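In short: position in the sequence shown from 1, add 22, done, that's the working numbering. Even for Gly, the Cβ is constructed at its ideal location relative to N, Cα and C. In this text, all values refer to a predicted model and were calculated from it rather than measured experimentally. A quick write-up on the structure given underneath.
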Amino acid sequence: MSTIKTEDVLVKSSFQILKLRSGKKQTLKQVLRGIQGKKPWHMREYEALVKLLRESGREGDLQFLIVKSILLAVAGIIAGNLILKNTMALPFTAALGFLVPVWNAKVYSIKYDKHISLQLESALALITSSYMRSSNIVAAVTENLSYLDPLIRDVFEGFLAESNVNANMETCILNMSRKINHPIFMEWCSSLVKAYNNSVHKEDLVAIVSRLSAIRIIQDNIETETHEILTQYILMLFLLVFTLPLIYLVNYDWFSYFFSHPLGKFAVAFGIFALIYGLSSIIRCSVPVRFS
Numbered sequence: 023m024s025t026i027k028t029e030d031v032l033v034k035s036s037f038q039i040l041k042l043r044s045g046k047k048q049t050l051k052q053v054l055r056g057i058q059g060k061k062p063w064h065m066r067e068y069e070a071l072v073k074l075l076r077e078s079g080r081e082g083d084l085q086f087l088i089v090k091s092i093l094l095a096v097a098g099i100i101a102g103n104l105i106l107k108n109t110m111a112l113p114f115t116a117a118l119g120f121l122v123p124v125w126n127a128k129v130y131s132i133k134y135d136k137h138i139s140l141q142l143e144s145a146l147a148l149i150t151s152s153y154m155r156s157s158n159i160v161a162a163v164t165e166n167l168s169y170l171d172p173l174i175r176d177v178f179e180g181f182l183a184e185s186n187v188n189a190n191m192e193t194c195i196l197n198m199s200r201k202i203n204h205p206i207f208m209e210w211c212s213s214l215v216k217a218y219n220n221s222v223h224k225e226d227l228v229a230i231v232s233r234l235s236a237i238r239i240i241q242d243n244i245e246t247e248t249h250e251i252l253t254q255y256i257l258m259l260f261l262l263v264f265t266l267p268l269i270y271l272v273n274y275d276w277f278s279y280f281f282s283h284p285l286g287k288f289a290v291a292f293g294i295f296a297l298i299y300g301l302s303s304i305i306r307c308s309v310p311v312r313f314s
């Protein structure tokens with residue numbers, strides 16, 4: 023394996039050297055990124071967005087999301103030109119318009135992920151407890167079906183429906199595991215297959231449910247510790263947004279300074295950049311803990 027990896031690195035290095043000799047200059051950082059297989063920032067962000075949409079069942083909205091982002095970016099350019107009359111702020115108003123739908127999709131995915139994790143914890147705990155007692159997965163699911171969240175219930179109802187027409191229980195369980203894109207649920211289903219074939223592995227199901235509970239506790243602790251910080255951060259962003267209207271009410275001459283003097287225009291552009299960076303940081307800090 024190490025020999026194969028070494029050969030891959032050498033091949034990538036050779037391609038990078040050929041690119042350099044072809045006349046197209048690259049920085050050392052770009053060369054190292056190409057050798058290590060690292061993708062540019064915008065590609066990583068795009069792939070992360072696609073992954074979030076896929077996990078929340080909204081992969082089909084990607085094209086509409088991109089079109090909406092482009093239209094809002096154009097609207098941001100027009101607003102920056104006509105309202106702010108600030109060429110320095112145009113890239114940032116365009117970026118702000120482009121990122122609004124992306125942020126909305128990320129916030130939805132974060133809420134969806136937290137909701138699924140919370141409901142999975144209770145669902146798997148109930149079903150595992152019943153299965154440990156009865157050693158019958160169909161009976162365990164049927165017994166607790168009415169207590170499950172609608173999103174989770176649909177998955178287990180599909181499992182019960184398939185088990186009625188398919189005698190191969192392993193196939194039914196594996197098909198069920200693909201309906202919720204959650205690493206712990208997939209691991210639970212894999213362990214369920216092992217427990218179905220050998221009851222010795224039933225204890226693994228309890229350990230997996232305990233791990234999911236531990237992750238929820240960690241998530242709650244992180245949210246508690248960061249709540250005050252995020253609240254202050256959001257308050258500062260509100261102050262940043264309402265600074266110009268406040269200055270307009272207090273002193274119009276100061277307000278006009280931001281739209282006529284180069285330093286004022288730079289301050290407005292920097293303020294929009296700070297707003298974008300702050301909102302991105304808040305969303306990034308809200309991402310739930312992931313099991314790996």
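{"Check": "Out of curiosity, what's the CA-to-CA distance linking PRO172 and SER221?", "Outcome": "30 angstroms"}
{"Check": "If you follow the alpha helix (DSSP H) that LEU121 is in, where does it begin and where does it stop?", "Outcome": "112 to 156"}
{"Check": "Once you ignore the five residues that flank LYS201 on each side, which residues in its own chain have a CB closer than 7 angstroms to its CB?", "Outcome": "VAL177, GLY180"}
{"Check": "Ignoring anything shorter than 4 residues, give me the alpha helix (DSSP H) runs that lie fully in the segment 156 to 239, in order along the chain.", "Outcome": "159 to 166, 172 to 187, 191 to 199, 205 to 219"}
{"Check": "Any beta-carbon of chain B closer than 8 angstroms to the one on LEU106?", "Outcome": "Among the chains in the structure shown there is no chain B, since it carries only a single protein chain."}
{"Check": "Look at the alpha carbon of TYR169 and the alpha carbon of SER157, and state the distance between them as a whole number of angstroms.", "Outcome": "20 angstroms"}
{"Check": "Answer yes or no: do GLY82 and GLY98 have a C-beta to C-beta separation smaller than 8 angstroms?", "Outcome": "no"}
{"Check": "Who are the Cβ neighbours of SER308 in its own chain at under 6 angstroms, not counting the five residues just before and after it?", "Outcome": "ILE132"}
{"Check": "Select from THR115, LEU104, LYS107, ASN108 the residue whose C-alpha is nearest the C-alpha of LEU93.", "Outcome": "THR115"}
{"Check": "Let's test the definition: count the other Cβ atoms within 10 Å of the Cβ of LEU104 and tell me whether it reaches 16, buried, or not, exposed.", "Outcome": "exposed"}
{"Check": "How many angstroms separate the CA atom of ASN197 from the CA atom of ARG175?", "Outcome": "15 angstroms"}
{"Check": "What residues in its chain sit with their C-beta under 6 angstroms from that of TYR279, if we drop five residues either side in the sequence?", "Outcome": "GLY286"}
{"Check": "Can you give the Cα-Cα distance for VAL228 and GLU143, rounded to whole angstroms?", "Outcome": "11 angstroms"}
{"Check": "Between which two residues does the alpha helix (DSSP H) harbouring ILE88 extend?", "Outcome": "84 to 101"}
{"Check": "Between ALA183, LEU75, THR265, which lies nearest to ILE126 when the distance is taken from Cα to Cα?", "Outcome": "The residue you asked about is not Ile; residue 126 is Asn in the sequence shown. Comparing Cα-Cα distances from ASN126 to each of ALA183, LEU75, THR265, the minimum goes to LEU75."}
{"Check": "When burial is assigned at 16 or more other CB atoms within 10 Å of the CB, is SER199 buried or exposed?", "Outcome": "buried"}
{"Check": "Considering only the beta carbon of each residue, do TYR153 and GLU192 sit closer than 8 angstroms?", "Outcome": "no"}
{"Check": "In its own chain, which residues sit with a C-beta less than 6 angstroms from the C-beta of LEU112, not counting the 5 before and 5 after it?", "Outcome": "ILE99, GLY102"}
{"Check": "Which residue wins for smallest C-alpha separation from ARG90, given the options ARG233, ILE304, LEU121?", "Outcome": "It should be pointed out that residue 90 corresponds to Lys in this sequence rather than to Arg. The shortest Cα separation from LYS90 among ARG233, ILE304, LEU121 belongs to LEU121."}
{"Check": "How far does the alpha helix (DSSP H) with THR109 in it reach, from first residue to last?", "Outcome": "THR109 -> no alpha helix (DSSP H), and no H or E assigned at all."}
{"Check": "Beta-carbon separation of MET65 and PHE288 under 8 angstroms?", "Outcome": "no"}
{"Check": "Using C-beta distances below 8 angstroms, list every residue in its chain close to VAL231, excluding the 5 sequence neighbours before and after it, in chain order.", "Outcome": "GLU143, LEU146, ALA147, THR150, TRP210"}
{"Check": "Whole angstroms is fine: what's the gap from ASN108's alpha carbon to ALA296's?", "Outcome": "16 angstroms"}
{"Check": "Let me make sure I understand the geometry here. Which of VAL311, VAL72, ALA95, PHE86 has the alpha-carbon closest to that of GLU245?", "Outcome": "VAL311"}
{"Check": "Are ARG238 and ILE206 touching if we call contact CB-CB under 8 angstroms?", "Outcome": "no"}
{"Check": "Please tell me whether ILE269 and PHE277 are closer than 8 angstroms, where the distance is taken between their beta carbons.", "Outcome": "yes"}
{"Check": "Cα separation between THR248 and SER139?", "Outcome": "20 angstroms"}
{"Check": "Nearest by alpha-carbon distance to ILE305: which of LEU266, ASN273, PRO284, THR253 is it?", "Outcome": "THR253"}
{"Check": "Just to confirm, is the Cβ distance from GLY293 to LEU262 under 8 angstroms?", "Outcome": "yes"}
{"Check": "How big is the Cα-Cα spacing for HIS204 and TYR130?", "Outcome": "16 angstroms"}
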